[in-house]
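Q: Handing you a structure now.
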Amino acid sequence: MSEDGLVTIPPTVYVPILVAVIAFGGTVLGIVVGWMTRLNGRLKRLETRDKLSWLYIRRLIDHAYRHAPNVPLPEPPDGWLED
């Protein structure tokens, strides 16, 4: 204890604690950034699949209105409903 009643902590104690706290924060930040990057990639794939699905459904609706019953349906686009 010092003369004014406060406990002084030597640098050999608080520097490793500070380094550990900074390292922990960096690890958590890295995990969150990695998770967000994977989530963003998955969202882009899902949006692409959703757009392909709607375009194909629209082609099927147009086909139903324009063609006779025995005309074959249009083929689905490449990558449609792939996960």
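Using my numbering, the letters of the sequence shown map in sequence onto residues 1 to 83.
Where is the CB? At the ideal position from N, CA and C, for every residue including glycine.
1) To the nearest angstrom, how far is the alpha carbon of A68 from that of P74?
2) Using only the alpha-carbon positions, how far apart do R59 and L52 sit?
3) Measure the Cβ-Cβ separation of Y56 and P72 and say whether it is below 8 Å.
4) How big is the Cα-Cα spacing for W54 and F24?
5) State the start and end residues of the unbroken alpha helix (DSSP H) segment that holds G30.
6) Pull up the distance between the alpha-carbon of A64 and that of D50, whole angstroms please.
A: Let me lay it out:
1) 13 Å
2) 10 Å
3) no
4) 45 Å
5) 11–66
6) 21 Å
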